[in-house]
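Note sheet for the following structure.
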Amino acid sequence: MVKSASYAVHFYMEEVGSRLVAKTGIPSDRYHIGKLILQGLREDPDFVSQPWAPCGLRELYVRFPSAARLPAGWLAACANLTHVRVEDGDNLTALDEAALRGAALRELRVTSCALAALPAGLLDAAPDLLLLDLSYNRLTALPGGLFVKTKKLRMLNLSNNRLTTSVYSSLAAVTSLTTLNLSYNDLKDTCGGAADSVRGTSPLEYLSSMENLYLRKTNTSVICLDWRRNMSHLKQLDLTHNNISVVTFADLQFYSAADVDLRDNPLRRLEYSPDDVAAAASAA
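Numbering-wise, the sequence shown is residues 1 to 284 according to this note's numbering.
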């Protein structure tokens with residue numbers, strides 16, 4: 001466990017730099033360090049302006065941070081930084097709205113921390129973000145407008161949080177998504193219930209580029225119409241460990257060649273009509 005952020009990084013830079021110079025002749029200044037792994041990052045007077053300047057980092061990996069928040073400006077000098085990963089921070093409860101400014105993030109992972117809320121403008125400084133992983137936190141909702149600037153976002157992992165049905169309103173417009181993981185959140189049904197003879201559409205109906213949708217243990221009891229019809233590129237739909245007890249013939253008609261996993265559901269009945277049987281026979 002390090003004593004402070006600046007101490008850890010300066011020590012790391014000096015050690016790595018001396019080895020590089022000895023073996024390769026590469027200059028030992030900090031701008032030539034491309035990837036940095038830190039453990040035990042603490043809040044420090046130098047946390048914002050140092051030790052990152054000058055900064056040539058492309059990847060930053062922080063494990064077991066004891067800091068309570070990631071402040072504005074901590075990445076301000078890292079214009080080449082594309083990948084940030086922060087994990088296992090039991091005390092990390094907040095991200096400043098300007099925490100990502102200055103970097104050129106493509107992938108951001110803040111996992112297994114204690115985040116309970118996010119500032120609305122957090123992602124405004126990351127318009128080129130492709131992957132966002134916020135799994136294993138304590139999020140109960142997402143702020144409106146969080147994804148306004150992230151038009152390229154393809155992969156979003158929000159699994160193992162405390163989200164409810166309201167999260168869908170924040171996701172409805174993120175039409176660039178190809179992979180969405182909402183597993184292990186109490187989302188319940190969003191397109192009617194098991195007693196409804198005709199399935200409705202979910203708030204995800206406009207996410208037509210979706211390829212992988214993970215809704216494991218979300219307390220859903222139905223297969224929504226848009227998952228079958230609107231997501232024409234769907235490859236994998238994980239509905240395991242849910243409350244699906246009745247499946248209709250229509251529920252099984254997907255517009256894509258998707259693998260639909262219904263294991264560990266209390267399935268009791270498959271409903272179909274004579275017309276369904278005739279349609280299946282003619283297609284065979």
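Built from N, CA and C at the ideal position, the CB exists for glycine as well.
Problem set entry | C-alpha distance - A141 paired with P274, whole-angstrom precision | 44 Å
For this session: Going by DSSP, name the residue or residues bridged to A104.
Result: According to DSSP, A104 bridges with nothing at all.
Exercise. Can you give the Cα-Cα distance for P119 and L95, rounded to whole angstroms?
Worked result: The straight-line gap from Cα to Cα measures roughly 7 Å.
Problem set entry | 8 Å Cβ shell around D261 - same chain, five flanking residues per side excluded | Closer than 8 Å at the Cβ level, and outside the excluded window around D261, lie Q236, L237, D238, L239 and T240.
Exercise. So the alpha helix (DSSP H) L262 belongs to, where does it begin and stop?
Worked result: Segment: none, L262 is in no alpha helix (DSSP H) and carries neither H nor E.
Exercise. Taking all protein chains shown into account, do 16 or more other C-beta atoms lie within 10 angstroms of the C-beta of G89, making it buried, or fewer, making it exposed?
Worked result: buried
Problem set entry | Pairwise C-alpha distance: N265 and A72 | Between the alpha carbons of A72 and N265 lies a distance of about 45 Å.
Exercise. What number of angstroms, rounded off, separates the C-alpha of S176 from the C-alpha of V148?
Worked result: Rounded to whole angstroms, the gap between the alpha carbons of S176 and V148 is 12 Å.
For this session: Output yes or no for whether 8 Å exceeds the beta carbon distance between L131 and M155.
Result: yes
Exercise. From K3 to A77, what does the alpha carbon distance come to, in whole angstroms?
Worked result: For K3, the predicted model reports a pLDDT of 40, less than 50, meaning its position is unreliable; a value from the coordinates is still stated below. So the two alpha carbons sit approximately 23 Å from each other.
For this session: Please go through the region 146-189 and give each complete beta strand (DSSP E) segment of 3 or more residues, from N-terminal end onward.
Result: 155-157 and 179-181
For this session: Taking the CB atoms as reference points, tell me whether S245 and Y214 lie closer together than 8 Å.
Result: no
Problem set entry | Boundaries of the alpha helix (DSSP H) in which D96 is found, first to last residue | Per DSSP, D96 belongs to no alpha helix (DSSP H) and is neither H nor E.
For this session: For L130, name the three-state secondary structure that DSSP assigns.
Result: coil
For this session: Give the DSSP-derived three-state secondary structure of S282 in the structure shown.
Result: In the structure shown, S282 sits in a helix (DSSP, three-state: H, G or I).
For this session: Assign T164 to one of two classes, buried (16 or more other C-beta atoms within 10 Å of its C-beta) or exposed (fewer than that).
Result: exposed
For this session: State buried or exposed for V110, treating a residue as buried only when at least 16 other CB atoms are found within 10 Å of its CB.
Result: Buried is the call here.
For this session: If I'm right that L129 touches L158 with Cβ under 8 Å, what's the distance once you round it to whole angstroms?
Result: About 14 Å; that fails the 8 Å criterion.
Exercise. So, helix, strand or coil for R229, using DSSP?
Worked result: helix
Exercise. Taking C-alpha atoms, which residue in A257, D259, S282 and L252 lies nearest to Y272?
Worked result: Of A257, D259, S282 and L252, the residue nearest in Cα terms is L252.
Problem set entry | Residue nearest to N137 in terms of C-alpha spacing, selected from R69, N161 and K152 | Checking every option, the nearest Cα to that of N137 belongs to N161.
Exercise. So is N80 buried or exposed if we call it buried at 16+ other beta carbons inside 10 Å?
Worked result: exposed
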